[in-house]
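In this text, residue positions in the sequence shown follow UniProt numbering: the first is 1, and each later residue adds one.
Beta carbons: idealized from backbone N, C-alpha and C, even for Gly.
In what follows, a structure is listed as structure tokens, so that the remarks can point back to it.
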Amino acid sequence: MTVRIDDTHRFAEMALAALRATGLCATPRNYELWYAHAEGKNPALSAHIQKAMDETGKVSQEKADALYDQLVQHDDISNDVINLVTRFHTEVTDLWDIVEKSGESASGHNEKLTSLSAQLRESTNNYPAVGTLLEGVLSVTKNMMSENANLENRLAASAEEVSNLQRDVEAIQAEAMRDALTGIANRATFDRSLDKHMTEAGEAKEPLALVLSDIDHFKKFNDTWGHQTGDQVLRFVADVMTANVKGKDLLARYGGEEFAIVLPGTTLKNAHMLADRIRTAVESRRLRKRRTDEDLGVVTMSMGVALLKEGETMEMLIERADNCLYAAKNSGRNRVIDEKEFSEMPQERQKGVA
1 MTVRIDDTHR FAEMALAALR ATGLCATPRN YELWYAHAEG KNPALSAHIQ KAMDETGKVS
61 QEKADALYDQ LVQHDDISND VINLVTRFHT EVTDLWDIVE KSGESASGHN EKLTSLSAQL
121 RESTNNYPAV GTLLEGVLSV TKNMMSENAN LENRLAASAE EVSNLQRDVE AIQAEAMRDA
181 LTGIANRATF DRSLDKHMTE AGEAKEPLAL VLSDIDHFKK FNDTWGHQTG DQVLRFVADV
241 MTANVKGKDL LARYGGEEFA IVLPGTTLKN AHMLADRIRT AVESRRLRKR RTDEDLGVVT
301 MSMGVALLKE GETMEMLIER ADNCLYAAKN SGRNRVIDEK EFSEMPQERQ KGVA
């Protein structure tokens, strides 16, 4: 796709103007973040920027850094790695098929040559006059058999190497699709999975629900106990959620302390029930710091649930689930709010976070 110079200049001016308006320095990271916002290609980023603004329209550098780390820094890298590994995986699979077929062919020729050699030796007993000629043929046959044996050995070694390489590629591909800290699916995998399931739901006329969740007061854990304890909280929540997500459902780390669950074939009511079951399971356990055994208290979560509408884009579905999530936070946290409840709430409770 051709990039128009005028458009890039316009986006750059919009980004710089936005940096001035929000009170941020024009550092490369800040500029890249606001340029991506100005392009409008990442609705989730734009929505988070709006929520990060205070009453005067300013954004703190801390929030800007968090948005950059969550939604800009790793997205392209993760997608590129997955695309590269997928293409390489296809090439390796094709090579494996060729090697297998070649090995079968060589083995078949070897068996035929062995049979022919035995027949020729029997013929020399019946027709001594042609013995010299047949011995020559046997010599050629023996050489061909030896070459075929060498070829089979080389092909067998190559096949084993290709098989090992294929396993390595599959391991790399799986690693690229996982969040390093929690072991669940990462943001890039979530985007791909949601897009795929939305297409399938539309074709099959089946429901598709999306749950977005956020750990309440997560910053307090980090500030009070340190980032290592914050990581322990994230892994704990991921483990509890994993135990409750089954079958085709996908659990992913959406970014920071946010998690997402894609629920194909699930109604709004059932998705709400699952989200509340997870919320209760997380709240029911008290955490203790691993090294010192100090009591960390109870972890709670706020969740928003939305159901895919006909003709809706992925960005629209995510935004509606995100609005429900923030309404849950604004209503006191530690609760699940779905889009039906959201539509019936007073407007002042739908916006902002308490």
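Spatial neighbours of residue i in its chain, beta-carbon cut-off 7 Å, leaving aside the 5 residues before and after
i	result
residue 328	302, 303, 304, 335, 336 and 337
residue 216	300, 301, 302, 333 and 334
residue 196	none
residue 247	none
residue 30	19, 24 and 64
Sub-7 Å separation of residue i and residue j beta-carbons
i	j	result
residue 17	residue 72	no
residue 255	residue 187	yes
residue 38	residue 21	no
residue 343	residue 262	no
residue 64	residue 24	yes
residue 258	residue 214	yes
Exposure of residue i, with buried meaning 16 or more beta-carbon neighbours within 10 Å
i	result
residue 243	exposed
residue 226	exposed
residue 181	exposed
residue 229	buried
residue 69	exposed
residue 249	buried
residue 77	Interpretation of residue 77 is limited by its pLDDT of 47, a score under 50 that renders its predicted location unreliable; the figure taken from the coordinates is listed afterwards. The residue in question, residue 77, is exposed, as its Cβ has fewer than 16 Cβ neighbours within 10 Å.
residue 324	buried
residue 223	exposed
residue 339	buried
residue 157	exposed
residue 5	exposed
residue 204	exposed
residue 272	buried
residue 48	buried
residue 85	At residue 85 the pLDDT is 49, less than 50, meaning the model places this residue with poor confidence; the figure from the coordinates comes in the next sentence. Buried, by the Cβ-count rule.
Same chain, Cβ closer than 6 Å to residue i, neighbours up to 5 away in sequence not counted
i	result
residue 190	252 and 260
residue 321	210, 212, 304 and 306
residue 179	186 and 253
Rounded Cβ spacing between residue i and residue j (contact assumed at less than 8 Å)
i	j	result
residue 206	residue 265	5 Å
residue 326	residue 58	19 Å between Cβ atoms; not a contact.
residue 314	residue 198	6 Å
residue 201	residue 268	That pair is no contact at about 13 Å.
residue 19	residue 12	Between residue 12 and residue 19 the Cβ distance is about 11 Å, and since that is not below 8 Å, they are no contact.
residue 167	residue 232	Residue 167 to residue 232, Cβ: 32 Å. No contact.
Same chain, Cβ closer than 8 Å to residue i, neighbours up to 5 away in sequence not counted
i	result
residue 288	294, 295 and 296
inquiry  = So, does the segment 217 to 236 touch the segment 279 to 293, judging by three or more C-beta pairs under 8 Å?
reply    = yes
task = Take every Cβ of the segment 266 to 277, pair it with every Cβ of the segment 290 to 299, and state whether three or more of those distances are shorter than 8 Å.
result = no
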